[in-house]
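Reading through the structure tokens given below for one structure.
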Amino acid sequence: MNSDSAPGPFASVPVTTRAAKSEPQHTAPLSVLIGALSGLQNAIVPAIFAAVSIGLGPRGLAIGFAVGVGITVLATLYSYIHWQRLTYTINAADIRVESGVLSRAARSVPFERIQDVSLEQKLLPRLFGLVSVKFETGAGGGEDLSLAYLSEDAGERLRQLVRDRRDAEEPAVARAHADASLDDASGEPLFAMGPSRLFTFGLFEFSLAVFAVLGGLLQYVDSFTSFEVWDPDIWRDLLAEQGSVIAALGPSAKALSVIAGVIALLVIGSATGMARVFAREWNFLLERTPRGFRRRRGLFTRTDVVMPTHRVQAVEIHTRLIRRLFGWHGAKFVSLAQDAGSSSHVVAPFARIEEIAPIVEAAGFRLPADDADWHRASRKSRFDNALGDALLFLLAAIPVALFAPPWAIAIPLGLGALFAGANLVAWRFHRHALDRDQIMAVRGVLAPKTQIATRLKLHSVQIVRGPLARLRGYATLHFGLAGGTFAIPGIPIERAREVRREVLETIAATDFSQIAGAASEAAAQSARRSAHSGFSSNFAAT
Numbered sequence: 049m050n051s052d053s054a055p056g057p058f059a060s061v062p063v064t065t066r067a068a069k070s071e072p073q074h075t076a077p078l079s080v081l082i083g084a085l086s087g088l089q090n091a092i093v094p095a096i097f098a099a100v101s102i103g104l105g106p107r108g109l110a111i112g113f114a115v116g117v118g119i120t121v122l123a124t125l126y127s128y129i130h131w132q133r134l135t136y137t138i139n140a141a142d143i144r145v146e147s148g149v150l151s152r153a154a155r156s157v158p159f160e161r162i163q164d165v166s167l168e169q170k171l172l173p174r175l176f177g178l179v180s181v182k183f184e185t186g187a188g189g190g191e192d193l194s195l196a197y198l199s200e201d202a203g204e205r206l207r208q209l210v211r212d213r214r215d216a217e218e219p220a221v222a223r224a225h226a227d228a229s230l231d232d233a234s235g236e237p238l239f240a241m242g243p244s245r246l247f248t249f250g251l252f253e254f255s256l257a258v259f260a261v262l263g264g265l266l267q268y269v270d271s272f273t274s275f276e277v278w279d280p281d282i283w284r285d286l287l288a289e290q291g292s293v294i295a296a297l298g299p300s301a302k303a304l305s306v307i308a309g310v311i312a313l314l315v316i317g318s319a320t321g322m323a324r325v326f327a328r329e330w331n332f333l334l335e336r337t338p339r340g341f342r343r344r345r346g347l348f349t350r351t352d353v354v355m356p357t358h359r360v361q362a363v364e365i366h367t368r369l370i371r372r373l374f375g376w377h378g379a380k381f382v383s384l385a386q387d388a389g390s391s392s393h394v395v396a397p398f399a400r401i402e403e404i405a406p407i408v409e410a411a412g413f414r415l416p417a418d419d420a421d422w423h424r425a426s427r428k429s430r431f432d433n434a435l436g437d438a439l440l441f442l443l444a445a446i447p448v449a450l451f452a453p454p455w456a457i458a459i460p461l462g463l464g465a466l467f468a469g470a471n472l473v474a475w476r477f478h479r480h481a482l483d484r485d486q487i488m489a490v491r492g493v494l495a496p497k498t499q500i501a502t503r504l505k506l507h508s509v510q511i512v513r514g515p516l517a518r519l520r521g522y523a524t525l526h527f528g529l530a531g532g533t534f535a536i537p538g539i540p541i542e543r544a545r546e547v548r549r550e551v552l553e554t555i556a557a558t559d560f561s562q563i564a565g566a567a568s569e570a571a572a573q574s575a576r577r578s579a580h581s582g583f584s585s586n587f588a589a590t
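Be aware that the sequence shown starts at 49, since it is given in the numbering used here, and climbs by one per residue.
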């Protein structure tokens, strides 16, 4: 077929035969309806305020209705003009988006700069079968490109086309190592969370955010009622009344009231955390596809993200105090692409180590083995950090001793001793290890975090030493990691130089045009090994 006669930018013709003469395309016409409905939603609160400010009579209701209709009409008109003025063009080497109502803006992004293409469906567009297509460039700062909205089929075809164009720009060795054992239309499930797992997850996500929301709503109460929220006399009288009622109760009733209050707080916090987990992680599914890892999740806002395997820069394993006691952890991939404002893509929010191990191996990494050659930070660094924290609280104790009651000086002194002791204890749990192809670091006592990075994907190694560190003979190692940060503080200077030398030797000996292929080959070799047999015991002891 001649490329000039191809019907639109989504025609399934070879990339190399496409001409750079694509016509500008509009998004889905239903985008106008989404804008109108969003305007209607945004008009509800101003309409209510307008009606209440005039008075809840026929005149007030009429004015409130007129305000709501006016805002909706303006929003619909703006949405239509915005849709008319928004176009995108798929060229041979880039995608170009032009937008703007009063002023025009045009942006072109080369395919080779696109790190990821994700699909997002919020509740309202989802009802109409529309998706928002987001092009992650790794630029950060809100500079990524997005198109809202396309039909689900058009969005998927656009994502596939952009990936094909982007892959055409990558080295041939990267494409040669693609895993042909998986079908393009399906993936190999690596991790999923059903309702029972989400319920368990929600029990550990205690949150009191609902009280912050209620506090924000309180400022509008006096607009609808005669209750003055910010009048201190009202609250003083209310507390005095409730205090007298509680004082009249017996000891048993007081204890029961306290227990009931604690239980109510736990129930509200658990329910809030449960709602957040179900809304964010509903139908969580992580698959391994020929193009990388595909993650889908969300109840009201459904997201569909694909992370190419060779673009995964590092792995992070994290947990919290209570979760750790029950053996639950989370896993993230560090990548140049953004994941809801974060540089790390969550691939297993709530899982056992034995469930995380296959995911890490599929990405070409290995969890630390039981016999890893761990190194701790310098003892001098441990002492200096503890002494520094103690000195800060000692300085804070001076004005307390001068102006506060005598007993108050125990507060900064106790905190200083607590923080100094915590630093001394934490030293035993801060460690790092270097093996033949990756570097690992563990930090944290109650909630440890493990970072794993491949040596050949690091961009640089920097030794940082302040005046005290130079005097005492230790340093902080900073590794240049695309899309994230990786630092090992307080290690002896001899060890820092040794790690830097070995990592730089790996970087210098690497042909960076073959990184993608090497990552795919490492993933394939890792999948053939069964080295994760001892991972659970290692992390249980971390």
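All C-beta atoms in this analysis are idealised placements derived from N, C-alpha and C, irrespective of residue type, glycine included.
Among the options, which residue has its Cα nearest to the Cα of residue i?
i, options, result
"G528", "V382, S429, I370", "V382"
"M488", "D215, E364, A449", "E364"
"R484", "L150, T554, L167", "T554"
"D215", "T351, A312, R359, T367", "R359"
"G177", "S156, E200, E168", "E200"
"A468", "V395, L442, F348", "L442"
"W376", "E168, I404, V210, P94", "I404"
"E160", "I92, E184, T135", "E184"
"Q132", "T75, I102, L109, R107", "T75"
"T498", "E550, F252, A362", "A362"
"V490", "F534, R342, H507, Q169", "F534"
"N331", "A396, A154, G317", "A396"
"I500", "L251, G317, F413", "F413"
"P158", "R205, G112, R211", "R211"
Could you check what DSSP says for residue i in three-state terms: helix, strand or coil?
i, result
"A438", "helix"
"W330", "coil"
"T554", "helix"
"W26", "With the chain covering 49 to 590 only, the question about residue 26 has no answer from this structure."
"R245", "helix"
"G83", "helix"
"V306", "helix"
"D432", "helix"
"V360", "coil"
"D201", "helix"
"D419", "coil"
"T349", "coil"
"E402", "helix"
"E542", "helix"
"I143", "strand"
"P397", "strand"
"L193", "strand"
Tell me the rounded alpha-carbon separation between residue i and residue j.
i, j, result
"R245", "H130", "43 angstroms"
"P237", "T357", "15 angstroms"
"M355", "E71", "29 angstroms"
"A240", "H480", "31 angstroms"
"R545", "G492", "24 angstroms"
"L461", "L494", "23 angstroms"
"F398", "D352", "19 angstroms"
"R372", "G242", "21 angstroms"
"L440", "G464", "8 angstroms"
"T337", "D164", "14 angstroms"
"L482", "I539", "13 angstroms"
"R503", "G531", "15 angstroms"
"E335", "S127", "37 angstroms"
"V394", "A379", "6 angstroms"
"G203", "S101", "45 angstroms"
"R513", "Y197", "51 angstroms"
"E402", "I311", "34 angstroms"
"T124", "A110", "21 angstroms"
"S305", "R174", "46 angstroms"
"H423", "P496", "16 angstroms"
"E253", "I370", "10 angstroms"
"I92", "K505", "52 angstroms"
"L193", "K182", "6 angstroms"
"R213", "F341", "19 angstroms"
"E329", "G105", "45 angstroms"
"G103", "N90", "21 angstroms"
Would you be able to state if there are at least three C-beta pairs under 8 angstroms between the region 139-153 and the region 315-324?
no
At least 3 beta-carbon pairs within less than 8 angstroms: the region 452-464 vs the region 472-484:
no
Pairs of beta-carbons, one from the region 75-90 and one from the region 105-124, closer than 8 angstroms: are there three or more?
yes
Taking only runs of the beta strand (DSSP E) that begin and end inside the region 100-140, which ones reach a length of at least 3 residues, in chain order?
135-138
Is the region 401-409 in contact with the region 418-428, if contact means three or more CB pairs nearer than 8 angstroms?
With a cut-off of 8 angstroms, the region 418-428 and the region 401-409 do not count as touching, because too few Cβ pairs lie within range.
Is the region 424-432 touching the region 518-532, taking contact as three or more C-beta pairs under 8 angstroms?
yes
Ignoring anything shorter than 3 residues or poking outside the region 472-520, list the beta strand (DSSP E) runs there in chain order.
479-482, 486-491, 497-502, 509-512
Every unbroken beta strand (DSSP E) within the region 152-183, with a cutoff of 3 residues, ordered by chain
153-158, 164-169
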